[in-house]
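For reference, the structure is listed below as structure tokens.
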Amino acid sequence: MSASPRTFYITTPIYYVNDRPHIGHSYTTTVCDVAARFHRFLGLDVFFLTGTDEHGIKVEKSAGERGVSPQALADENAAEFQRVLRMLDFTNDDFIRTTQRRHTVQVERFVQQLIAGGDIYLGQYEGWYDEGQEEFVPDTRAKDQEYKSAVSGRPLVRMREENYFFRLSAYQQRLEDLYREQPEFVRPEARRNEMLGRLRDGLADVPVTRTSFSWGIPIPGQDKHVLWVWLDALSNYVTALGIGLSPDEVDLVPRDRARFWPADYHVIGKEILFFHAIFWPAMLMALDLPLPRCVYAHSFWISEGRKMSKSLGNFIDLSTIQGYIDSFSLDAFRWFLITQGPLGSTDTDFARAKFIEVYNSDLANTLGNSLSRVVNMIAKYFDGRAPQPGDYTVSGFDWPALTNAAADAAIASMARLELSEAMGSALGLVRQVDSFIDATRPFTMAKDDSKRAELAAVLYQCAEALRIATVLLWCAMPNKIEQAWRLLGQDIDPAAGNLRDLCRWGGLKPGTAMVKGEALFPRFADTEPSAQ
Ligand code: MSP
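In case it helps, our numbering puts the sequence shown at residues 90 to 621.
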């Protein structure tokens, strides 16, 4: 038992500080939080990173419009992003800001190393730039997009500058090899195909410095050049681990963090895939660093059937999110995001009617109802003590096998970041408990004294299956599940990393005291007729 546990490193994008946090940022961070919690509970050595991207022309412009310094704007909005981390109960292990010295020191070294290795050279760029995306857009694509941003629709800007270029073209072959040898480097499949298309188009060298503004990391010895924000930002995934530090520089980043590289998952939205799936691995190759295992690019939330945009004013913003949390609970909000969210390759609508439907069906009518039914029957027929399992079994309900299969399936889905599948396996157990109750009718058994042992066995099996289901569901709804554990008389500490042991059939001790409590998820009756 002395081998150290496997590491699991998962990251969110670092968010631009010129924007206020909204559902999009909350979603990606929730996905990472759920995966991080699950893998910690499984006993893995987890590092979960998020943070803010604070340099670049967008931040400089926004600050200018507001009459504050870029740093002041960054401080204010980074604090806002950190407030959301607490509001949504995220368990990130660090929060990196690209204006922190621990980050900039390492980025400067990376740049020096790239220059020394011939991967960065001085040149001249003339072409199109998408300021919202901080992206250079080749002429052919700019034309296809009618000289507008593919993401925001705003006009592209014509740019003519002396820049340092990164020799991306030199990595064409190695990237093609990577995509072939590591077919899951980019997921889902549709996104991988998109990147294969970009590789087929051929890669051009990319400018990695800018001279027309100053809010960025200066190029060492070349102060009129500041670093292009993407090279700066992507580096966060390794600077937070101190990968660019020498062994004696322990004051900036704890040295033992280096064990987390390479990342298991960079979770991002689809609009920033090229940077993560092509530029970043090439940069790591140039720096001679190992590559991440998977870049997972999810799709987008839209709002009540329409793309979210500033002009429509339909962003699901923090106050809307707070409204959902107040009405349904934080855990119900997390549940909706991860079971209904756009982890696949199509966009998903965030609609109130859908939220209510999912809440009532999964949480009020299934999980909450099943828990209170079982705990109430145990209270009524067995004085609130978990009964003896006995040896009574019902055909079609081989519980040790059913729970084992659900746990295996949930663990396997989680490892692949298939969150709704994992939660489906766990909730599936709860649904099976309901079918079991329908099939065995314990309330009828209770009227017949000769069926006492059978009744005990049935309710033991129900409670035990629910206990295992809750262990699997904890990562998504930690607060509610901890409440459920109190009802079931369970003293569980996910920090112990013993999820597998807890999923073994028979863990529930007969005699355990169970308590009737408030409904975990009260049914939500909406006043709007369209809701049901
Ligand atoms: N700063 C860059 C990322 C640098 S990472 C090295 C950036 N920041 S951002 O603030 O614009 O955040 C973009 C991310 O927010 C997306 O990749 C995605 O994770 C999330 N979302 C923003 N809008 C979204 C939706 N409508 N739906 C889902 N997620 C989206 O890009």
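By construction, the Cβ of each residue, glycine as well, lies at the ideal position given by its N, Cα and C atoms. In this text the structure is predicted, and so the values were computed from the model without any measurement.
Residue 400 and residue 438 have their alpha carbons spaced roughly 18 Å apart.
In the DSSP assignment, residue 533 falls outside any beta strand (DSSP E) and lies within the alpha helix (DSSP H) extending over 531 to 534. Residue 176 and residue 412 have their alpha carbons spaced roughly 12 Å apart. With a threshold of 6 Å, the Cβ atom of residue 425 does not count as near ligand 1, since no heavy atom of the ligand is closer than that. Straight across, the Cα-Cα distance linking residue 319 with residue 223 is about 8 Å. The criterion of a C-beta distance shorter than 7 Å is satisfied by residue 525 and residue 486. In the displayed model, residue 540 falls within a helix according to three-state DSSP. In the three-state DSSP reduction, residue 252 falls in the strand class (E or B). Residue 482 has its Cβ no nearer than 6 Å to any heavy atom of ligand 1. Taking non-hydrogen atoms of ligand 1 into account, the C-beta of residue 321 is found less than 6 Å away from none of them.
At the C-beta level, residue 97 and residue 138 stay beyond 7 Å of one another.
By a beta-carbon distance limit of 8 Å, residue 136 does not contact residue 588. Their separation comes to about 18 Å. If you draw a straight line from the Cα of residue 121 to the Cα of residue 410, it is about 18 Å long. By the criterion of at least three beta-carbon pairs nearer than 8 Å, the region 386 to 398 is not in contact with the region 144 to 153.
Secondary structure within the region 437 to 495: the beta strand (DSSP E) runs of 3 or more consecutive residues, fully enclosed, are 437 to 439 (chain order).
For residue 304, the three-state secondary structure derived from DSSP is coil.
One alpha carbon belongs to residue 309, the other to residue 201, and they sit about 7 Å apart. Pairing residue 306 with residue 196 gives a Cβ-Cβ distance under 7 Å. Between residue 555 and residue 522, the C-beta gap is smaller than 7 Å, which places the two residues in contact. By the beta-carbon neighbour count (other beta carbons within 10 angstroms, threshold 16), residue 236 is exposed.
Annotation note: the region 382 to 426 contains the following uninterrupted alpha helix (DSSP H) runs of length 4 or greater, listed N- to C-terminal: 407 to 417. Remark: the shortest separation between the CB of residue 332 and any heavy atom of ligand 1 does not fall under 6 Å.
Secondary structure of residue 349 (DSSP, three-state): helix. Here DSSP, grouped into helix, strand and coil, assigns residue 236 to coil.
Around the beta carbon of residue 604, a 10 Å sphere encloses fewer than 16 other beta carbons of the protein chains shown; the residue is thus reported as exposed. Excluding sequence positions up to five before and after residue 477, its CB lies within less than 8 Å of the CB of 542, 545, 546, 549 and 599, all in the same chain and listed in chain order.
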